[in-house]
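As they're listed, the protein sequences go chains C and W.
Here the numbering used here is used: the first residue of the first sequence is -11, the next is one more, and so on.
Here the numbering used here is used: the first residue of the second sequence is 9, the next is one more, and so on.
The C-beta atom is built at its ideal place from N, Cα and C for all residues, glycine as well.
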Amino acid sequence: MTVLKIQNLSKNYGVIRAVDNLSLTINTGQIFGLLGPNGSGKTTTLGMITGILSSDQGSYEWFGGQSKHPLKKIGTILETPNFYPYLNADENLEIVRHIKGGENKDFTDLLELVNLKERRKSPFASYSLGMKQRLAIAATLVADPEVLIFDEPTNGLDPQGIADVRNTLLKISETGKTIILASHILDEVEKICSHVAIIKKGKLLAEGPVGSILSNDTTIEIGATDRNGLGNYLNARTDIKSISIDGMYYNLSVEDGFKVEKLTEELARAGIFVTHLVTRKKKLEEEFLEITSKA
Amino acid sequence: MLNLLRLEYKKFRKNSVVSMLCFFFFLFTPAGMIVILGLQDVELPPPLPSAEMYYRFTLVWDAVGYIGSWTVFFFLGIAIIYSVTAEVRYKTLRQSMINGMPRTEFYLSKFYLVLSFSIIATLYYALISLVIGAFSTDQYDLAYMFENEWAIPRFFIMCMATLSFALFIAFWVRMSGLAIFLYYVYVISIEPSLRGLSSYFLDIGDWSKYFPMNIIEDLMPMPLYKLAGYLEMQREKADILIDYPIAMGLSTIFIFIFLGLAWLSFRKRDL
Chain C
-11 MTVLKIQNLS KNYGVIRAVD NLSLTINTGQ IFGLLGPNGS GKTTTLGMIT
39 GILSSDQGSY EWFGGQSKHP LKKIGTILET PNFYPYLNAD ENLEIVRHIK
89 GGENKDFTDL LELVNLKERR KSPFASYSLG MKQRLAIAAT LVADPEVLIF
139 DEPTNGLDPQ GIADVRNTLL KISETGKTII LASHILDEVE KICSHVAIIK
189 KGKLLAEGPV GSILSNDTTI EIGATDRNGL GNYLNARTDI KSISIDGMYY
239 NLSVEDGFKV EKLTEELARA GIFVTHLVTR KKKLEEEFLE ITSKA
Chain W
9 MLNLLRLEYK KFRKNSVVSM LCFFFFLFTP AGMIVILGLQ DVELPPPLPS
59 AEMYYRFTLV WDAVGYIGSW TVFFFLGIAI IYSVTAEVRY KTLRQSMING
109 MPRTEFYLSK FYLVLSFSII ATLYYALISL VIGAFSTDQY DLAYMFENEW
159 AIPRFFIMCM ATLSFALFIA FWVRMSGLAI FLYYVYVISI EPSLRGLSSY
209 FLDIGDWSKY FPMNIIEDLM PMPLYKLAGY LEMQREKADI LIDYPIAMGL
259 STIFIFIFLG LAWLSFRKRD L
């Protein structure tokens, strides 16, 4: 079943086109990553589909247009956690419940999930940024929504805060809910998401299951004592798709099936002795950088 | 309606600013009468009546009403502005929309707050006037007690109009400091200046008193204007003040205009 259908959505801020003819479809159960560099239009897109920003063109539809108040079935964090600073966690969650219309007034399980049970009676203003973000995650789960939207949920957090939020997201992703996650942390997206869309300057560059976005290319990180000789040798080869330098080592992009042992053997024969060699599949981060740099 | 009012109560019951402003309203409305009490010892030249008259029926309705119009303006008006602008500052307005609250419901929740404040303030006004009047008047009957030229509905319309104006400024400006500044400055300085300038340059004469806040103020005018009647200055009174039925009708129209403008400011704006 289609949860969200976006058709040709556009938004301008003066002369700047923040979102440009964006079309996406998100289905039930998908964990959908929305990727893009800063200013690519991710938050503007989420703002439009959550009704706080008006669109200049195009349309979107939640749950096939079947729901009268679709946003009550969606839990959302957009940019920063927004709560009444003088109220405590329970009181703030109660306001969310009041708006969403859920029955359960006991938030113990939710606060336990985000590890805030001990501080539930402290005012929101006294929380650290990580605690605020975790309360925001708890708020998204109030009234058992069908869809969750997280916009940069680890933004501004310290390493411990990032780890806490990441663990919570992983736990939520196991519940089978539809999740839309806009994030810079590609490692996280790669671990959690089943589908991704990559946008830049408001335009959709790529979309599909994570597996289809990731190419079959392999990355080889290689180093040798004779660095110049190694560079000259690699540049002369025709079976290497791209070469880049990363500190002391060369990063090679090669097709799946490339024989690394043959490369090292030939290098040794040419008098270049390999001192460092790492072979790995391409990561989402590399694909992301490659796709966005082309656009 | 009750559901939305309950939500407003949950949001602001622990808010020190709103609590303090409401407390000040309840304190200063009767406390303002003490200022008049101080005048009791001042010997007024005849034919001016004694200041004690302000405590007696029927003038007590005008005296408490006049003080109440200023405490509503200063305290409840600011509380209404704060109830909107604080939600903009905390971004809870935006979060309410994200959580699925329709804009109409958010707007209605604030309108119901205006309505509730007006009802409570009017009941409080009636109670204070009755209590002070009952203790200060020697002889009275029920008919005489309420001989007040529709003071209770007038006070209610004054509250609704003042607070609707505050609501419009809040939704329009959205920044606490600027909204409160504009709210004060418009009433205290801008409108009186406009009235003076329009009267001087446009030669509109008596029409300059039909500016919105002046009409609303004339619902609960300074009791001294009424005393002008005792001094047989009825003609001058008619020149200064708008007749109550006209002021009530025009203020009601302004309530709808302010509420409409507040809705238009909020309806489609990006949050």
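For C/F138, the enclosing beta strand (DSSP E) begins and ends at 135 to 139. Taking 8 Å as the CB threshold, W/K118 stays off the interface with chain C.
Of all residues in the segment 98 to 109 of chain W, the ones placed with a Cβ closer than 8 Å to any Cβ belonging to chain C are Y98, K99, T100, R102, Q103, S104, M105, I106, N107, G108, M109, in chain order. Listed in chain order, the beta strand (DSSP E) runs fully inside the segment 33 to 116 of chain C are 45 to 50, 62 to 65, counting runs of at least 3 residues. W/L121 places its beta carbon less than 8 Å from that of W/E16. Taking a beta-carbon distance threshold of 8 Å, C/K88 counts as an interface residue toward chain W. When the alpha-carbon of W/P220 is set against those of W/N156, W/R275, W/L258, W/G204, the nearest one is in W/L258. Contact of C/V84 with chain W by beta-carbon distance below 7 Å involves N107. Taking a Cβ-Cβ cut-off of 8 Å, the neighbours of W/L15 in chain C comprise I83, H86, I87, given in sequence order. Rounded to the nearest angstrom, the Cβ distance from C/A124 to C/P73 is 13 Å, too far for a contact under 8 Å.
In this structure, the straight-line span from the alpha carbon of C/A194 to that of C/I201 is close to 7 Å. At least one C-beta of chain W is nearer than 8 Å to the C-beta of C/T38. For W/A255, the secondary structure class from DSSP, reduced to helix, strand or coil, is helix. In the three-state reduction of the DSSP assignment, C/V3 falls in the coil class. Taken through DSSP and simplified to helix, strand or coil, C/K191 comes out as strand. Contact fails between the segment 37 to 56 of chain C and the segment 178 to 186 of chain C, because fewer than three Cβ pairs, one in each stretch, are under 8 Å apart. Secondary-structure assignment with DSSP links C/G217 through no beta bridge to anything.
DSSP places C/Y237 in the strand class (E or B) of the three-state scheme. One finds Y98, T100, Q103 in chain W with Cβ atoms closer than 8 Å to the Cβ of C/F71, taken in chain order.
With 16 or more other Cβ atoms inside 10 Å of its own Cβ, W/S126 counts as buried. C/E162 carries a coil assignment under DSSP once its states are collapsed to helix, strand and coil. The segment 15 to 33 of chain W and the segment 75 to 82 of chain C touch, with no fewer than 3 CB-CB distances between them shorter than 8 Å. When secondary structure is reduced to three states using DSSP, C/N(-4) falls in the strand class.
Three or more beta-carbon pairs separated by less than 8 Å link the segment 157 to 171 of chain W to the segment 252 to 268 of chain W, which places the two stretches in contact. When the beta-carbon positions are compared, W/T79 and W/T130 stay at least 8 Å from each other. Pairing C/P141 with C/V130 gives a Cβ-Cβ distance that is not under 8 Å. With respect to the 8 Å criterion, C/L145 and C/G164 are not classified as neighbours on the basis of their beta carbons.
Counting the other Cβ atoms within 10 Å of the Cβ of C/E106 gives fewer than 16, which makes it exposed.
Of all residues in the segment 44 to 63 of chain C, the ones placed with a Cβ closer than 9 Å to any Cβ belonging to chain W are H57, P58, L59, K60, K61, I62, G63, in chain order. By the criterion of a C-beta distance shorter than 6 Å, W/P229 is surrounded in its chain by L249, once the five residues flanking it on both sides are discounted. Judged by DSSP in its simplified three-state form, C/E275 adopts helix.
Contacts between C/S230 and chain W, judged by CB atoms closer than 8 Å, are missing: the closest CB pair is about 42 Å apart.
For C/K250, the enclosing alpha helix (DSSP H) covers residues 248 to 257.
Under the three-state reduction of DSSP, W/L121 is assigned to helix. Separation of W/S197 and C/K88 (C-alpha to C-alpha, rounded to the nearest whole angstrom) is 44 Å. Listed along the chain, the chain C residues whose CB falls inside 7 Å of the CB of W/L279 are I40.
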